[in-house]
Amino acid sequence: MDVPSSKEFQWRSLAPLPSRRVYPALVEAGGQVFAVGGCDDNGIPVDSFEVYCPEADRWAPLPAMPTARAGVAVTALGKRIVVIGGVGADQLPLKAVEVYNTDEGRWRKRSSLREAAMGISPVAVLPDGLMYVTVLCDGYSSTFKAYSPLVLELRS
6 MDVPSSKEFQ WRSLAPLPSR RVYPALVEAG GQVFAVGGCD DNGIPVDSFE VYCPEADRWA
66 PLPAMPTARA GVAVTALGKR IVVIGGVGAD QLPLKAVEVY NTDEGRWRKR SSLREAAMGI
126 SPVAVLPDGL MYVTVLCDGY SSTFKAYSPL VLELRS
């Protein structure tokens, strides 16, 4: 994995992900980087979930996601990592929302999206506590949504 150094404005190589895959989503929480899902060499979504420790330049496996998927939206809310939508093993959009608690080391399924969603933009979390995303729901058009982690629903 290569990352840009904001101080030197140059790319540098880091330890590779332990499991080979494409299209994982990345999110930072507590000074660590989490790699979520993606697809294997055959284009099949995976349930892989791993954490990168910058100080040790090392990845470690974590409990697998309950739902294998790629093309997810992911964000960190404190010590929780929220994974929204994506594409499942059947190559169809998903309604699944799952949350990983970094303190507990476990996943919890949350209320599903009202409609399956893939091609979700990165998540923006604003001071109002809502997560804002653009969603490609039907393969042709995208919508702008706000997801409330408190009431766990996606609304237009």
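Residue numbering for the sequence shown is 6 to 161, as defined by my numbering.
By construction, the Cβ of each residue, glycine as well, lies at the ideal position given by its N, Cα and C atoms.
Straight through space, the alpha carbons of Tyr137 and Thr72 are spaced by roughly 22 Å.
Nearest to Arg26 by alpha-carbon distance, out of Ala34, Ser53 and Gly35, is Ser53. Selection Val51, Arg63 and Gly35 evaluated against Val92 yields Val51 as nearest (Cα-Cα).
Shown here, Lys84 sits in coil according to DSSP, grouped into three states, outside any helix or strand. If you draw a straight line from the Cα of Leu22 to the Cα of Asp46, it is about 14 Å long. Annotated three-state conformation of Tyr28 is coil, per DSSP. In this structure, Gly43 sits near Pro29, with a CB-CB distance shorter than 7 Å.
The alpha-carbon separation between Thr148 and Lys84 amounts to approximately 28 Å.
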